[in-house]
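Here is the structure we will look at.
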Amino acid sequence: MNNSITIYEKYGLTTNGLQYSEQINALVSQGYTSSANNTYFNAFRLADGILIKEDVGIGYCRTFLNGIKIYTLKDRQLIADQRYSCVYYSKDELNWRVQKLLLEKLTESARVEGLTLNIEQAKQIISQVVNKALYGDQLQEFQQANRMLSE
Amino acid sequence: MSTQLTANKGIQEQVLDIETGLTLVGNSYKSESGFKFMVGLRTLGSLQIIEGVAKGTAVDYLCGIRVFDENNELVIDIAVNRGTRYEREIVRKLVAKELLHMLNEANQNNEDFDYYAAQNKIDEELKLAYYRQSYEAINRWAKEIGIIK
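Chains as they are written, first to last, in the working numbering: chain A, 1 to 151; chain B, 1001 to 1149.
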């Protein structure tokens, strides 16, 4: 998975020991297990110029979504971040939370910069992007991004 | 936390930490527990907002916030509870609350002081201090993929 790791180093988002996980269709970092026996790791997904970083915690019998950060690849810029408490992890949960976060930030940024935003169209495109990040072939996405970077 | 939250006096190397969106000042420090302690800077007019952050695996903690004026005088010192998660909005709201509180205290005998106008102004200015680059980046991305024409 060296190719997939390169993208993080180039973008300054270095996290040690990234591996592609077929099970969750994302790149995942090495886990850290606390003294309370909870394991924490990051998962990364790419789609249409954004990178989604998930903070995940695995407890005794539940997996939790602890936070989401979203970056633009081109600008290497953090565009949205949110922490969560006691949110159970699932792809559906992640899906709607990422979509909500992106739409909120976009609505705010368009207002601040005086841009016109068609909310319904924005919802539709954001939904497509996030679904691609969750259900598209992430291994292919990372390989494609790496090829573009090395050109 | 070994790195103290002091004013950014004069020339210091500043590095952008892309993961947290913070402009780092001074040296960061990695503890034995694996947490990386770092100090970030944001500018609000003539004020400098200094944030202490402990960055770990899948969790970042806020260690404290200090605000200095143009003369490097400490204006605000916010201690946070142990285990407070780091998120830009959490910090922004803490700074906004303290700034407003101080302004209100300082203007108790000023009949012209408009509390709600000050609240709105602080809120807007702090949003720009914390999110200006994010706004620009997300709008550029939205234009590229056709959300904004």
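Glycine is no exception: its CB is placed at the ideal position from the N, C-alpha and C atoms. Model, not experiment: these values are computed from the prediction.
- Leaving aside the five residues that flank S21(A) on each side, the residues in its chain whose CB is nearer than 6 Å to its CB run, in chain order, V28.
- By the criterion of a C-beta distance shorter than 8 Å, I126(A) is surrounded in its chain by Q99, L102, L103, L106, once the five residues flanking it on both sides are discounted.
- The residue from K74(A), L18(A), N118(A), A43(A) with its alpha-carbon nearest to that of I68(A) is A43(A).
- Taking a beta-carbon distance threshold of 7 Å, R1088(B) counts as an interface residue toward chain A.
- Considering only R1140(B), A1118(B), G1064(B), Y1131(B), the residue with the shortest C-alpha distance to R1088(B) is Y1131(B).
- G1040(B) is classed as buried because its beta carbon has at least 16 other beta carbons within 10 Å across all chains shown.
- Using beta-carbon distances, R62(A) does not count as an interface residue toward chain B, since no partner is under 7 Å.
- For I1145(B), the chain A residues whose C-beta falls within less than 8 Å of its own C-beta are D48, G49, I125, V129, listed in chain order.
- Annotated three-state conformation of S1046(B) is coil, per DSSP.
- The C-alpha of K1055(B) is placed about 25 Å away from the C-alpha of N95(A).
- If you look at S21(A), you'll find it in the beta strand (DSSP E) that goes 19 to 21.
- Of all residues in the stretch 1120 to 1147 of chain B, those with a C-beta nearer than 7 Å to a C-beta of chain A are Q1133, S1134, Y1135, A1137, I1138, N1139, R1140, W1141, A1142, E1144, I1145, G1146, I1147, reading in chain order.
- Using a CB distance below 8 Å, the part of the stretch 1028 to 1055 of chain B facing chain A consists of G1034, ordered along the chain.
- Non-local C-beta neighbours of A1118(B) in its own chain, meaning closer than 7 Å and more than five positions away in sequence, comprise L1100, L1103, ordered along the chain.
- Contact with chain B is found for Q77(A), since one of that chain's Cβ atoms lies less than 7 Å from the residue's Cβ.
- In the pairwise beta carbon analysis, the stretch 73 to 93 of chain A is classified as touching the stretch 1133 to 1142 of chain B: at least three pairs are separated by under 8 Å.
- Within the DSSP secondary-structure output, F1068(B) pairs in a beta bridge with Q1048(B), L1074(B).
- Taking 7 Å as the cut-off, the beta carbon of Y1086(B) is found closer than this to the beta carbon of D1060(B).
- Taking one beta carbon from each stretch, the stretch 80 to 90 of chain A and the stretch 51 to 68 of chain A have 3 or more pairs nearer than 8 Å; the two touch.
- Contacts with chain B at 7 Å (Cβ-Cβ) include V112(A).
- Shortest Cα-Cα distance from D1069(B) to any of T1057(B), T1043(B), R1082(B), G1083(B) involves T1043(B).
- Cβ contact annotation for A1142(B) (same chain, cutoff 6 Å, sequence separation greater than five): I1148, in chain order.
- Residue pairing from DSSP places Y1029(B) in a beta bridge opposite F1037(B).
- Put simply, the backbone Cα of D1077(B) is about 26 Å away from that of Q1133(B).
- CA-to-CA, the gap between N1072(B) and E108(A) works out to about 33 Å.
- No Cβ of chain B is located within less than 7 Å of the beta carbon of L103(A).
- For V1095(B), there are no neighbours in chain A by C-beta distance under 7 Å, as the nearest C-beta there is about 16 Å away.
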